[in-house]
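Chains C and G supply the protein sequences, listed in that same order.
Residue numbering for the first sequence follows our numbering, beginning at 879 and increasing consecutively.
Residue numbering for the second sequence follows our numbering, beginning at 322 and increasing consecutively.
These notes are about the structure you will find just below.
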Amino acid sequence: MITLEQANFLALVVMVVALVPSTYRVLYGPTLPDRIAASDAVGNVLAMIFALYAFQGSSIYLMDVAMLLSIISFVGTVIVAKYLDTGEVL
Amino acid sequence: MDVISTVLDIISVVLLVIGLIFLCLGMLGLLRLPDVYNRLHATTKVATLGALGVLLSIIIQEGYTPMGVKAFTVAIFILLTAPISGHMIGKAAYRHGVKLCEGTCLDEYGPSLGPQSVPKKKK
Chain C
879 MITLEQANFL
889 ALVVMVVALV
899 PSTYRVLYGP
909 TLPDRIAASD
919 AVGNVLAMIF
929 ALYAFQGSSI
939 YLMDVAMLLS
949 IISFVGTVIV
959 AKYLDTGEVL
Chain G
322 MDVISTVLDI
332 ISVVLLVIGL
342 IFLCLGMLGL
352 LRLPDVYNRL
362 HATTKVATLG
372 ALGVLLSIII
382 QEGYTPMGVK
392 AFTVAIFILL
402 TAPISGHMIG
412 KAAYRHGVKL
422 CEGTCLDEYG
432 PSLGPQSVPK
442 KKK
């Protein structure tokens, strides 16, 4: 029977392994929107990793890192999508 | 009291496993699906349901503490913004000129868009 800490550690390992396909899609994506979608997924998975790591280490400030990563990922994705759509950022 | 703690642990681990299942299926879809629009389906599920499962397990474990409140804020923010970013990527990809894949049998957005409604790029 595994404890809750070991379950969280296994979940962290699975999340880090799940970063590999999205990184492959960022590097070798056929089109530009592929890379944008994959980098959005990378940002969200990194936010999940930081949230779980903050919970496991019981550090409150790492949860702020998760919040900031999700915000930056959303703003960057919206800006690049807007640039692809209309040709200008604002 | 001990029974309640054990039940909360079980619910938390079940939510964590649900989030990880959505994460793994989304990454498999991102790797294997044939098209930008199909891959957007997979990655948006990763962002909403996967992150929501993991953060809900943290919220159930922590309760009404500062870390629990921060995890709740992150969960609400991701739940609100992930569909917006997915929709914007899809619309930008279509209007950027990315072709649909071979097996597509219906495209309702292209005829409804019309040739005149595409904004001209400023030079």
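Ideal placement from N, C-alpha and C gives every residue a C-beta, glycine not left out.
Item, Value
"Neighbour-count burial assignment, M281 of chain G, 16 or more Cβ in a 10 Å radius", "No statement about residue 281 of chain G is possible, as the shown extent of chain G runs from 322 to 444 and does not include it."
"Assigned exposure category for P404 of chain G - 16 Cβ within 10 Å defines buried", "exposed"
"Partner residues on chain G for I938 of chain C, Cβ-Cβ distance less than 8 Å", "P387, M388, K391"
"The segment 953-960 of chain C touching the segment 922-936 of chain C, judged by at least three CB pairs closer than 8 Å", "no"
"The segment 329-337 of chain G contacting the segment 368-384 of chain G, beta-carbon criterion three pairs below 8 Å", "yes"
"Assigned secondary structure, P911 of chain C (DSSP; H/G/I helix, E/B strand, else coil)", "helix"
"Limits of the alpha helix (DSSP H) - the one that T369 of chain G falls within", "Where T369 of chain G is concerned, there is no enclosing alpha helix (DSSP H), given that its DSSP letter is neither H nor E."
"Candidates G:P432, G:T402, G:H417: closest to E966 of chain C by CA position", "G:H417"
"Range of the contiguous alpha helix (DSSP H) that encloses I405 of chain G", "387-417"
"Neighbouring residues, chain G, relative to M893 of chain C (Cβ below 7 Å)", "L344"
"D428 of chain G, buried or exposed, once every other Cβ within 10 Å from all chains shown has been counted against 16", "exposed"
"E423 of chain G at chain C interface by Cβ criterion, 9 Å", "no"
"Span separating the alpha-carbon of A896 of chain C from that of I325 of chain G", "33 Å"
"Partners in chain G for R903 of chain C, counting only beta-carbon separations shorter than 8 Å", "L351, L352, R360"
"Amino acids of chain G, ordered along the chain, whose beta-carbon sits closer than 8 Å to that of M945 of chain C", "K391, T394, V395, F398"
"Residue-chain proximity (E383 of chain G, chain C), Cβ-Cβ < 9 Å", "yes"
"Outcome for M926 of chain C when other beta-carbon atoms lying within 10 angstroms are tallied against a minimum of 16", "buried"
"Counted within 10 angstroms of its Cβ, other Cβ atoms place Y415 of chain G as buried (16 or more) or exposed", "buried"
"Residue ranges of each beta strand (DSSP E) within the segment 904-952 of chain C, 3 or longer", "none"
"Buried versus exposed, by CB contacts within 10 Å (16 or more), V903 of chain C", "Sequence check: residue 903 of chain C is Arg here, not Val. The residue is buried, with at least 16 neighbouring Cβ atoms inside 10 Å."
"Among G:G384, G:K420, G:T386, G:K391, nearest to L940 of chain C - alpha-carbon criterion", "G:K391"
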